[in-house]
DNA sequence: TGCACGATTCTCT
DNA sequence: GAGAATCGTGCAA
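In my numbering, the protein residues as written are 7 to 205.
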């Protein structure tokens, strides 16, 4: 939980043959292992996919959603064998913007959409399941100490698209930097699944 | 072995 | 605003 807040303002860097791309983390979501129904590792569900969450913290957990997009997480379990992860939802582009635009096939006019969403930031940074389990302390994929974000500038809300998680969906485990233009708008006007309980 | 579905995004109307 | 795209994963039979 603390890690999710600490990640805000840090830089996520990916070095590839195309060049170095990096961005400032401006939005995160916490997923707290066995007891969190919204987590893939709920009820200690240990599988090929969730295995990395049970490993040491500070590693990449990247998985495919909806068959076409990837989500990037940082493992953060305090104790060994405790599956916790922080989903990075959006970044503020810092370097390699040209490369990211090329990867996303968008123009400068749409820069705001470059990395503002879990799937988008993975596309922009060139992340896929190939980078799964990568150690985030060493290149080519690593987290760099960035700027310190004032507590007052950190906002927290409920998580996005976890309607299926009963009471767990209402927990304010989504953190983002207040008034940052690159925070994803995904929590606004989300579609609710037919028959899904509303508040 | 087969089926249903999702921590999303984009395009079309 | 609504719906399609798309495939790995989990679960049931």
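Idealized CB from N, CA, C, for every residue including glycine.
Which residue wins for smallest C-alpha separation from residue i, given the options the options?
i, options, result
"residue 142", "95, 16, 130", "16"
"residue 27", "186, 170, 108", "108"
"residue 161", "19, 32, 49", "32"
"residue 59", "133, 24, 139", "139"
"residue 20", "10, 97, 113", "97"
"residue 86", "63, 41, 103", "63"
"residue 41", "89, 22, 66, 9", "89"
"residue 182", "146, 51, 157", "157"
"residue 9", "151, 112, 126", "151"
"residue 74", "81, 24, 126, 25", "126"
"residue 137", "95, 65, 163, 104", "65"
"residue 132", "103, 116, 114, 144", "103"
"residue 163", "114, 180, 23", "180"
"residue 91", "106, 46, 100", "46"
"residue 18", "72, 71, 101", "101"
Taking DSSP's pairing of strands, which residues face residue i in a bridge?
i, result
"residue 28", "19, 101"
"residue 141", "65"
"residue 41", "None; residue 41 has no bridge partner."
"residue 122", "96"
"residue 183", "160"
"residue 71", "75"
"residue 147", "20"
Taking only the alpha-carbon atoms, compute the straight-line gap between residue i and residue j and give it to the nearest angstrom.
i, j, result
"residue 121", "residue 76", "12 Å"
"residue 29", "residue 154", "15 Å"
"residue 176", "residue 7", "15 Å"
"residue 130", "residue 149", "16 Å"
"residue 12", "residue 55", "25 Å"
"residue 48", "residue 82", "15 Å"
"residue 111", "residue 146", "23 Å"
"residue 202", "residue 165", "Caution applies to residue 202, whose pLDDT of 33 falls short of 50 and renders its modelled position unreliable; the value that the coordinates give is listed next. Distance between the alpha carbons of residue 202 and residue 165: 16 Å."
If you drop the 5 nearest sequence neighbours on each side, which residues of the same chain put their C-beta closer than 7 Å to that of residue i?
i, result
"residue 93", "34, 35, 37, 77, 79, 124"
"residue 52", "60"
Taking 8 Å as the limit between beta carbons, can you name the residues of its chain near residue i, skipping five residues before and five after?
i, result
"residue 118", "187, 188"
"residue 134", "68, 76, 128"
Apart from the five residues on each side of it in sequence, which residues of its chain come closer than 6 Å, Cβ to Cβ, to residue i?
i, result
"residue 168", "44, 175"
"residue 184", "159, 161"
Quick one: what does DSSP say residue i is sitting in, helix, strand or coil?
i, result
"residue 189", "coil"
"residue 85", "coil"
"residue 115", "helix"
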